[in-house]
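Residue numbers (our numbering), protein chains in the order written: chain S, 698 to 884; chain H, 449 to 864; chain F, 2 to 982; chain Z, 2 to 96.
All C-beta atoms, glycine included, are put in the ideal place defined by N, C-alpha and C.
Have a look at the structure below, then the notes.
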Amino acid sequence: MHDLISTTALGGTEPQINTFPHVTITENDGVALASVAARMGHEKACHAALKKLLGAVPGPGRAQLHDPEAGFWMGPDQWMIGAPKASHELLADTLKDLLGDAASVTEQSGAWVCFDITGPAMPEMCERLCGVPIRQMQSGDAQRTVIHQLGCFVIRREADDHIRVFGPRASAATLHHALITAAKSVA
Amino acid sequence: MRYSGFKVIKEALTGHKGWKPAWRDPEPQAHYDIIIIGGGGHGLATAYYLAKEYKQKRIAVLEKGWIGGGNVGRNTTIIRSNYLLDGNEPFYEFSLKLWEGLEQDFNYNAMISQRGILNLIHSDAQRDAFVRRGNAMMLNGADAEMLTTEQIKKRYPFLNTEDARFPIKGGLAQHRGGTVRHDAVAWGYARGADSRGVDIIQNCEVTGFRIENGKCLGVETSRGFIGAGKVGCAVAGSSSRLMSKADMRLPMESHVLQAFVSEGLKPVLPGVITFGAGHFYCSQSDKGGLVFGGDLDGYNSYAQRGNLPVVEDVCEGGMAILPAIGRARLLRMWGGIMDMSMDGSPIIDRTHIDGLYFNGGWCYGGFKATPASGFCFAHLLAKDEPHPTATAYRFNRFEKGLMIDEKGMGNQPNLH
Amino acid sequence: MSQVNRLSGGQIDTGQTLQFKFDGKSFTGHTGDTLASALLANGVRLMGRSFKYHRPRGALTAGSEEPNALVELRSGARQEPNTRATTTELFDGLLANSQNKLGSLKFDLLSINDRFSNFLSAGFYYKTFMWPAAFWEKVYEPIIRNAAGLGSLSLQDDPDVYDKGFLHCDLLIIGAGPAGLAAALTAGRAGADVILADEDFRMGGRLNSETFALGDHSGADWADATVAELAALPNVRLMARTTVIGAFDHGIYGAVERVSDHLPTPEANKPRQILWRIYTKRTVLAAGAIERPIAFENNDRPGIMLGSALRTYANRFAVAADKRVAIFTNNDDGHRTAADLHARGVKIAAVVDVRPDAPRSTDYEVLHGEVVNTKGRLGLTFAEVRLGDGSTRTLECGALGMSGGWNPNVHMTCHQRGRPTWNNDIAAFVPGGELPPGMSVAGAANGDLSTAGALTGGVAATTAALKELGFKTKKHTLPQTEDAPVNLTPYWYVEGCKRAWLDQQNDVTVKDVQLSHQEGFRSVEHLKRYTTLGMATDQGKTSNMGGLAIMAELAGKTIPEVGTTIFRPPYTPTAIGVLAGRHTGQDFHPKRLTPSHKWATEQGAVFVEVGNWLRAQWFPRAGETTWRQSVDREVLATRKSVGVCDVTTLGKIDVQGADAAAFLNKVYCNGFAKLAVGKTRYGLMLREDGIAMDDGTAGRLAEDHFVVTTTTANALPVYRHMEFVRQCLFPDMDVQLISTTEAWAQYAVAGPNSRKLLEKIVDQDISNDAFPFMACMNTTVCGGLRARLFRISFSGELAYEIAVPTAYGDALMRKIIEAGAEFDVTPYGTEALGVMRIEKGHAAGNELNGTTTALNLGMGRMVSKAKDSIGSKLSEREGLNTADALAQVGIKPIDPNDPVPAGAHLMKADGPVDAAHDQGYATSACFSPNLGHAIAIGFLKDGANRMGEKMRLVSPLTGVDVNVEIVSAHFIDPEGERLRA
Amino acid sequence: MIIEHPLLGPRDSAEFTYMGDARLIDRPDASSETAARDFYEYGYLRENPAGWHDELWFHEAGDRSWLVVTRNTLTHEISKVEMARDVARSRGRSK
């Protein structure tokens, strides 16, 4: 085992939680990520493997909120797969083993910061952040959008008042600042 | 009729009865020696210099709407000659020199105001590029000065030098740059051309060219055929549309550029400033409005209007360097059609059709070029050879690999 | 005495008394007042000065079309110039000052201009101030600039914050008057997602200003009840204090919500205003109509206002503009004003109607005639009337209402291609041409000027719009209400006047329009531009029609023949701050932090912006007083032993697939098909026009897997370009791309001791045999953490780049420093990185400036002739391959103490120094601590054949003119022995 | 503007990066005798119509698809949106 200690995207050893009267923002440091892109001519095999893994293959704009592996659509024949980091640190390797020549797999754990936003003011806060039609989105809807000039994914989770936001990790502090600013603005 | 302070006083005392129309409203004749298509700044300037400097006779300017209704009346009024490349800098410096004597030359106060232009610098690489540019300007006989942040602070104390995401690290100033009352340029040239016998024909749309055996014989218009020895096209924003009537495809795309003006304010900005880390440039008109702009909307358009994202982008740039304008209000926004060429530089050249000449592709730099563009196009029309300062503005430069690419963006017109 | 003109009733809360100050004087008003209504209640009619002549001015209107009553609101950094008193909601402690004056508002020294107005006619300035030429900037213009402008900015940073937001709906309704409310009811009850926006703080529009009933309710009560019903519907969003500013493409509307403008200061962390981007499927424009003034001699005195404004002040705000009021009208609406005021106990001096058949009244006198002049220096005292029979009458009055008919508020219908069309029945323009797609217009905005017409119009427009969206609307009964026909005789100005104002703010009179016509400025646009008619802060809402009508008369044409004026966004002037939103100060752009950022901060690093990245520029140590000392130390230490630098910012693109190698063969001008697995190669990417686009390396981790690096600046454009090549040019290649720039923390470890250092960290054999120059591999570090190792060098030293997943980046940097202690490992920043690459002659951003070719960069032979790659063909053009083409060279000063600055130009040693003899230029320069003097690289005509030539390097801009020698750009280790060691 | 993405439905055009004329898909054959002229025309000459225009947009802040959008340059109306990859294939492009 190596002796390097990982840091969260916000630079701490523990994830940050910010609580406001009607909304809570939680840094989620527990997700391992890898992208999967079907190889040309192997799309069926890739779909089959993903279906087996996730229960269904998410279509455009959709996420499959499955345990322990979940996934959302990123682009044509391309998905992001996530799983608990504690148990799936080597998610990319596992997926490559599973998919073989059917897909290109790329580790993405380090590329993203993840925030969970919950609470009754979540929709109002979301309206100050990005153009997703938050009030029309259903559980499992996953949209790529722009928050404070940053390309982010917004995923509507099972609970009515819960969204998960993936943003570029190098800008985690900027994104966090934008989320907090919006939360205070609607608090 | 000569305009002067004396004349204004005399007319004021006699009820302003003596003012005559600034230009006639003639019926088109059957034939002209030279027809200029386009009654904008460049077309009117061309006619003016053809008559005044090149002593040409029987000239007409055909305008589909009202003169000055195109980009000369919808720009941010800046003049400057702070170019980098050999193909450009002598031309724009020639233009700036013409601006400097223009009002006395055409007897019209276009409020040419050399209050200076300042390009802000925000990185070392940008400084290197601006040093090269400033040197190119000076080696071409133009003025340039490198200012330190301290000098800039002194002149513009309200610039954001404290809390900037991209701190100001200096600036390249051209003190002879400035602004001009844009409409007055069209009117001054029109009046000057008219008084020298040029027929300015408004509401006369060119619908086609009459071309026989590779020679252009005249133009079909909404007011009938008009014959011509030579036809010069200067129709910024409509170049591709017009030249397609001569079966030409041009190395350009037309894009919308938005511009903005604030409510009138007591003096804020003495000169022109441009932001180097975002899309924003600004000056203040004599009436007090902040006149500002930024980047193209970015998509082909002939609609003369833009959309919100660019409005916001420009205002973000404005607030980034001038946080004091937050409470000033945007009064009006509008869009002009820019003929964006493939290297960001214009074309003043003969076409492959005898007697048909072209002036266009000015991107969003056409206003400052107005005098030199008119002068050089007049030279080409009169002498059939390019003016010495405009020799690089040829059609064939793309095929030959002789692009004049100030921004280094290549054949991607919306990035110039 | 306070509030001398306050009436009873209205929609103000007299229980809430508010204190405010205007020009230093204290007044009181009530909740529900505007600043203008409160001032009028206190008997203050004089509120401002006009732009050009500095004429005394009061409120002309009671709404956002106000041209005159503009004030500087608040003080200090929150001072807000040109604020309309007529829409400013009164709050306790409000502070306002008059503007555009020299001296006091009552004794404005610049009103001297008015005396000389004859000399200041339209366009006078185009005809003079030309001599002597130098006087313009020095004398004339400063005087003009200081006199012009309106209010002042504080020139302090705006202390408030602004939000942006995004809303989605089925139907956007603009305006909450009778038509808008009826529309909202219809849509709300049908279950559609509705947004109802109104610029006013109180919904109801004209219903708040009128006295007629809707069914059993007063208009205002019906509006209240309707708003209450709408508020209870979950699918309806009510947005008062919200101005829709523009109709943009495809159903996107901009709207500004004034969240805090009615408060002394915004609540903590709350925005002053919000810019909403509203995405809607359909829009009903119910923006009402704006009354027109009439032009007559001295029609601009304080106290003279629109008749409808008098009614609004009386009915809604319980304010009489004065005790004695006269009316000048050409239509029945003027009589409605008189009746309402009379009913509230205001004395009507007379109603002057231009129509001989005007309705009579038993309550007040109705005169057939025209108002031909007025008196009163700072406020109206008398109106002079010429009666139909030619006789004259003088009316004593402190207020005069003008009723010239109503203009439908077509503003938003023009924002795309719509051009209004003329409607003779109401003598006004109504919406026409192509409206913004999805928009329909209802009520007065559509020319239906009665209340009943507004209600039915609102319902009809909504029903039609919802039907298209698949909603079923229920029929509901509308209340009985006023349905009077428009009875109007078009009448624009009183003939024979010397000065009759059209544009009150810009001081454009009827005479100016006549002069414009006389001088040939006859098209509508020429008229506007020559006279400035309609260019003021109200954008001609109350003035354009009058000018147009006069021009039509002069031209002998009808009004529609002369033309129309269209409107551009924004609907009303909009704070620049709200359009910028939160993107100000440090938040202008996001920051990108490298994985070692926290560690570098602890080391006291100085950071520099590189695009959005913040990179360590150098790491100062105790005792170092200049940046050069730090940088020199970092360079020397790296070349002597080992240094480490965070290079995470370089773009990284994962390229996988069976055709990955074939794909790279297309995007790079040099060959990649034969690159062995486990090897890295330098690649030069051209644009299709043959100019260098970017350079970097591609490492082959597997037969079907490459890792491509790009420069920091070009990471995104290169990725976009590669996707274009993949999807649009070679759609059947099996290749998949994804950016991994941020997924890996990557550090350059460079210097003769770099291998020794990394041997302590990397778990595999990295000896020169096992891992030679340009090798790459997947490996592990520190006992098992997955990593990637590349043996590549930017510094020219024995060097590696090592990458681990970003979360471990901080830990790896600390580990490298710890493991490197025995070698005195030195962290270096971008400056030292730059010095070392210039010493090696490596091209970077300054050289890849978008105009240079492979040939210019000395890599002409890299462009493979054996294959077709992007840019190869156009790179062959003659102009890019001339004998004297620029070539990259090194530049060294003959006198080692001389600088060789970047941006300086190269000239022949004995030739003239000017642009015509320009030989090239220096692109990048630095002080080389290894050589002990400044060095530069640059481009020189035919440079490859001019080694050893003595030249001049000149920078007149910075005062440099030095003798230099042209040398190879590889200043250090030209044979490359160190990096292969 | 709103671009009706074939897979994702209506998206704000602000999410896209524009490249221009969709004829840029038709990259000439470099081995042709007329290649020099062909590449010049491909690289530099444009119809630039005032009216319907097929153009390339990249969904930069979205799914990273290149789209061919048929849009009217006078009105900004959009009549058709296709995946550029499909268009490229239909025009005979392959490897």
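Can you name the start and end residues of the alpha helix (DSSP H) that residue i belongs to?
| i | result |
| --- | --- |
| S821/H | 814-831 |
| Y314/F | 308-316 |
| K500/H | 489-500 |
| W223/F | 220-232 |
Contact criterion: CB-CB distance below 8 Å. Does residue i meet it with respect to chain S?
| i | result |
| --- | --- |
| I985/F | Only positions 2 to 982 of chain F appear in the structure, and residue 985/F is not among them; the question remains open. |
Quick one: what does DSSP say residue i is sitting in, helix, strand or coil?
| i | result |
| --- | --- |
| F130/F | coil |
| I892/F | strand |
| F812/S | strand |
| F117/F | coil |
| T482/F | strand |
| V245/F | strand |
| V162/F | coil |
| V826/F | coil |
| D271/F | According to the sequence provided, residue 271/F is Lys. The question's Asp does not apply to it. Residue state, collapsed to three classes: coil. |
| M863/F | helix |
Is there at least one Cβ from chain H nearer than 8 Å to residue i's Cβ?
| i | result |
| --- | --- |
| A916/F | yes |
| F647/F | Before going on, a small fix: residue 647/F reads as Asp here, not Phe. Not one chain H Cβ lies under 8 Å of D647/F. |
| G541/F | no |
| D158/F | yes |
| G1/Z | Because chain Z here runs from 2 to 96, residue 1/Z falls outside it and cannot be looked at. |
| R24/Z | no |
Starting from residue i, trace the beta strand (DSSP E) in both directions and tell me its first and last residue.
| i | result |
| --- | --- |
| M767/H | Per DSSP, M767/H belongs to no beta strand (DSSP E); it is in the alpha helix (DSSP H), 756-769. |
| P561/F | From DSSP, P561/F is part of no beta strand (DSSP E) but of the alpha helix (DSSP H) over 560-563. |
| D21/F | Note on residue identity: the sequence assigns Phe, not Asp, to residue 21/F. Taken as a continuous stretch (DSSP letters only), the beta strand (DSSP E) holding F21/F covers 14-23. |
| S789/H | 777-789 |
Checking contacts by CB at 8 Å: is residue i closer than that to chain Z?
| i | result |
| --- | --- |
| M771/S | yes |
| Q100/F | no |
| P757/S | yes |
| P732/F | yes |
Does any CB atom of chain F fall closer than 8 Å to the CB of residue i?
| i | result |
| --- | --- |
| P834/H | no |
| C827/S | yes |
| G44/Z | yes |
| P771/H | yes |
| G453/H | yes |
Uninterrupted beta strand (DSSP E) stretches inside the region 625-656 of chain F (no shorter than 3 residues): 644-647
For the region 806-822 of chain H, list every residue whose C-beta sits within 7 Å of some C-beta in chain Z, in sequence order. none
Taking Cβ-Cβ distances below 9 Å as the criterion, which residues of the region 58-92 of chain Z are in contact with chain S? H60, E61, A62, G63, D64, R65, S66, M84, R86
Quick one: which unbroken beta strand (DSSP E) runs of 3-plus residues sit fully inside the region 668-756 of chain H? Chain order, please. Qualifying beta strand (DSSP E) stretches, in chain order: 672-681, 700-712, 720-722, 729-732, 737-748.
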